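Residue 1 is where the sequence shown starts when you use the numbering used here, and the numbers rise one by one after that.
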Amino acid sequence: MNNTQPIYDAFIIGGGINGAAIANNLASKGFYVAICDENDVSGEASSHGNKLFQCGLEHLEKLNLSHVSNALKERETLCLQAPHLMQAIDIIIPDAPTIRSSLKIKAGSMLYGWLLRSETSIKPYTENIQNSLYSEPLKTPSLKATLCQEYLVNDSRLVVENLLSAERNHCQLLSKTKVVSGSLSNGTWKLKLQDSINGDQVTVSTHCIVNAAGAWAQSVLKQALGCKSRCEQPLEKHSFIAVPKFYEGQHGYMLQLPNQQFLSILPYATNYCLVGPVIRPVTNRELTTAPSPPKHNNTPANEEESSTLLQQLNYHFNTSFSPNDISWSFSSVRPATQDSQPVHMLDLQCSDGRSPVISVFSGHITTHRVLAEQVYECIHPYLPSPPPSLKTSITDKLPGGDYVTDAEPGVKNYEELTKTLKTQYFWLPKTLLARYCITYGTRAKNLLYGAVNLQSLGEEVLPTIYERELNWLIETEWVTCTEDVLWRRTKLGINVTEDDAKQLDTWFKGHYQHNSAVSKIENLANSNCKAS
1 MNNTQPIYDA FIIGGGINGA AIANNLASKG FYVAICDEND VSGEASSHGN KLFQCGLEHL
61 EKLNLSHVSN ALKERETLCL QAPHLMQAID IIIPDAPTIR SSLKIKAGSM LYGWLLRSET
121 SIKPYTENIQ NSLYSEPLKT PSLKATLCQE YLVNDSRLVV ENLLSAERNH CQLLSKTKVV
181 SGSLSNGTWK LKLQDSINGD QVTVSTHCIV NAAGAWAQSV LKQALGCKSR CEQPLEKHSF
241 IAVPKFYEGQ HGYMLQLPNQ QFLSILPYAT NYCLVGPVIR PVTNRELTTA PSPPKHNNTP
301 ANEEESSTLL QQLNYHFNTS FSPNDISWSF SSVRPATQDS QPVHMLDLQC SDGRSPVISV
361 FSGHITTHRV LAEQVYECIH PYLPSPPPSL KTSITDKLPG GDYVTDAEPG VKNYEELTKT
421 LKTQYFWLPK TLLARYCITY GTRAKNLLYG AVNLQSLGEE VLPTIYEREL NWLIETEWVT
481 CTEDVLWRRT KLGINVTEDD AKQLDTWFKG HYQHNSAVSK IENLANSNCK AS
């Protein structure tokens, strides 16, 4: 390897929403950053939730007003940063007086509305839903319900767009790359990296390590870095199922369960409902040292958890779903947040006073930007001064959401984007254009640039998935396999058969050539990228 290899200011382990936000934050401030993930980015908990950017009505019960207030502010910011990834949805919470009194729900709704300072968002309110569209699917129609507006978020694409933003500021992204070991010497960490696909290895140097490996943070600390943490946080498993959509309308439900938890039923991928979570504790013995990459699978991952969700669904709604009706099931392991703990915890260790390791425990999609700024505040005394750069604002728009201002020429909002592209690419099927816009935002213009007809998109490898999109995802979004495309970049996996997935596997075998982390780092060492 070239001996002129630069030293990173910070090396981030974990390509979920927290790691991606930290990489974006540090790179935007001019620091020289790299981030790696053993599997695909957003491959674990960051893409395995209920897709609800929930600001936390349940947190009001614990009087955690600051969390709810901050989450609401973050939601407003994200609607500006990436409007194509945020979709407003009406949530129906039927009254359940035996679990929570109507007065308690009403008080919580009023408090939630007071914290919601937005002039555009609808404040929660109570409504008689008897004989309405909302009560029709309920087995025991409720007279009253609380209606509130929340937002669905394309979670995995939010991770990708944070990483694309970081990459614009010269962050180096190493997906499918594992940290095998780390050692500290003379104020510098030496990390041995291994490509997860072909086994190639390389050693890199960094001043600081950010451990954002989610449920595997303890494993990274102990097994790879040889460190011990002061934080011992329990783990829990969240499981979900998807079933065919069984009610009219684009609203969702949050049902109150006897254990005081909420069960959400949310529209997903047009023709389905996402149901969950069922939550159970996980021991460290159950947790493998590394997450396993998900495979195309339409069978329940865990029969007991799937059965519990089906029972709840059939108990509350006029449905009779069986295990054969489950279109998709998934689960994720994540740190559990106890009532007495903050939403996330940071543990900074710096044995030599110069080269810190900071570990992130827990966290939530609603706090990812705040967490990233807190990580920066903790480690910036140890970092070299960054070179002069155009430092971005914390509210700067993400790639795909970078619409121009009223004072500039160009596309100003999502509606104008779709209108412009419909005119320019009139030959493109409407449903395909809509998917491009809602998935990639303004970057859909890059995907379609130069196309003059449907044949310009190349072979239709799977229904609505053309070669141009696949090659573009490989080139710009670190895609290496079928699962990356179907489950994390496009979310089309639920509509794809096993035979279709195998067909896409065959396409990848014939068209994808893997470039390991070693070659990327060697190319960087020989480039003109300036390190600190």
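Note that beta-carbon positions come from the ideal geometry of N, C-alpha and C, so glycine has one too.
Here the structure is a predicted model, which is why all the values come from computation and not from measurement.
Inter-residue CB distance, residue i and residue j (contact presumed, cutoff 8 Å)
| i | j | result |
| --- | --- | --- |
| Gln-149 | Pro-141 | No, Gln-149 and Pro-141 are not in contact; Cβ-Cβ is about 22 Å, not under 8 Å. |
| Leu-310 | Pro-323 | 7 Å |
| Pro-97 | Phe-317 | Between Phe-317 and Pro-97 the Cβ distance is about 19 Å, and since that is not below 8 Å, they are no contact. |
| Val-370 | Asn-24 | Actually they do not touch by this definition, with Cβ atoms about 13 Å apart. |
| Gly-214 | Gly-16 | 5 Å |
| Met-345 | Cys-437 | About 38 Å separates the two Cβ atoms, so there is no contact after all. |
Beta-carbon gap between residue i and residue j smaller than 9 Å
| i | j | result |
| --- | --- | --- |
| Leu-473 | Thr-442 | no |
| Lys-51 | Leu-313 | no |
| Ala-145 | Pro-234 | no |
| Phe-361 | Ala-217 | yes |
| Asp-195 | Ser-516 | yes |
| His-48 | Ser-331 | yes |
| Asn-162 | Ala-21 | yes |
| Cys-36 | Val-179 | yes |
| Val-375 | Cys-171 | no |
| Ala-167 | Leu-147 | Looking at the sequence shown, residue 167 is not Ala but Glu. Not in contact: Glu-167 and Leu-147 (Cβ atoms no closer than 9 Å). |
| Gln-271 | Lys-176 | In the sequence as displayed, the identity of residue 271 is Asn instead of Gln. No, Cβ-Cβ distance for Asn-271 and Lys-176 is not below 9 Å. |
| Leu-193 | Thr-203 | yes |
| Thr-480 | Ile-197 | yes |
| Val-41 | Val-210 | no |
| Gly-182 | Asp-352 | no |
| Leu-191 | Phe-31 | no |
| Gly-249 | Leu-133 | yes |
| Pro-277 | Ile-99 | no |
Where residue i falls, given that 16 or more other Cβ within 10 Å makes a residue buried
| i | result |
| --- | --- |
| Asn-511 | Per the sequence shown, residue 511 should be read as His rather than Asn. Exposed, since its Cβ has fewer than 16 Cβ neighbours within 10 Å. |
| Arg-75 | buried |
| Ser-385 | exposed |
| Lys-397 | buried |
| Asp-155 | buried |
| His-514 | exposed |
| Leu-85 | buried |
| Gly-226 | exposed |
| Tyr-268 | buried |
| Tyr-449 | exposed |
| Arg-334 | buried |
| Thr-289 | The predicted model places Thr-289 with a pLDDT of 41, which falls under 50 and marks its position as unreliable; any figure quoted below should be read in that light. Classification for Thr-289: exposed. |
| Thr-423 | exposed |
| Lys-430 | exposed |
| Ala-107 | exposed |
| Ile-122 | exposed |
Residue i versus residue j - alpha carbon distance
| i | j | result |
| --- | --- | --- |
| Asp-499 | Glu-377 | 50 Å |
| Tyr-125 | His-67 | 21 Å |
| Ile-241 | Pro-94 | 21 Å |
| Val-518 | Tyr-247 | 51 Å |
| His-251 | Val-243 | 16 Å |
| Ile-7 | Asp-200 | 20 Å |
| Ile-89 | Tyr-151 | 5 Å |
| Gly-113 | Asn-64 | 15 Å |
| Asn-297 | Arg-488 | With a pLDDT of 44 at Asn-297, under the threshold of 50, the modelled position of this residue cannot be trusted; read the value that follows with caution. The straight-line gap from Cα to Cα measures roughly 14 Å. |
| Ala-212 | Leu-428 | 41 Å |
| Ser-320 | Ser-306 | 14 Å |
| Leu-486 | Gly-493 | 4 Å |
| Asp-484 | Leu-470 | 11 Å |
| Ile-13 | Ser-101 | 45 Å |
| Asn-18 | His-368 | 5 Å |
| Asn-528 | Ile-326 | For Asn-528, the pLDDT reaches just 39, beneath the cut-off of 50, and the residue's location in the model is therefore unreliable, although a value from the coordinates is still provided. Cα-Cα distance, rounded: 52 Å. |
| Val-452 | Leu-78 | 34 Å |
| Leu-221 | Leu-111 | 41 Å |
| Leu-80 | Lys-73 | 11 Å |
| Ser-135 | Asp-347 | 47 Å |
| Tyr-414 | Val-343 | 32 Å |
| Leu-164 | Pro-281 | 34 Å |
| Ile-365 | Pro-83 | 16 Å |
| Tyr-425 | Arg-468 | 15 Å |
| Lys-502 | Glu-477 | 21 Å |
| Gly-400 | Arg-435 | 13 Å |
| Tyr-466 | Trp-507 | 11 Å |
| Asn-302 | Pro-381 | 46 Å |
| Lys-29 | Val-160 | 19 Å |
Residue-level contact to chain C via CB, residue i, 9 Å cutoff
| i | result |
| --- | --- |
| Lys-422 | Among the chains of the structure shown, chain C does not appear; only one protein chain is present. |
Heavy atom of the ligand GDP within 8 Å of residue i beta-carbon
| i | result |
| --- | --- |
| Glu-248 | What this structure holds is no ligand at all, so the ligand GDP is not there to describe. |
### Task
Scan the segment 407–466 and note each continuous alpha helix (DSSP H) run of 4 residues or more that stays entirely inside, going in chain order.
414–424, 430–440, 444–448, all fully within the segment 407–466.
### Segments of 4+ residues assigned as alpha helix (DSSP H) that fall wholly inside the segment 107–168
Correct list: 155–168.
### Task
Tell me the start and end of each unbroken beta strand (DSSP E) in the segment 197–255 that is at least 3 residues and wholly inside, in chain order.
For the segment 197–255, whole beta strand (DSSP E) runs of length 3 or above, ordered along the chain, are 201–211, 235–244.
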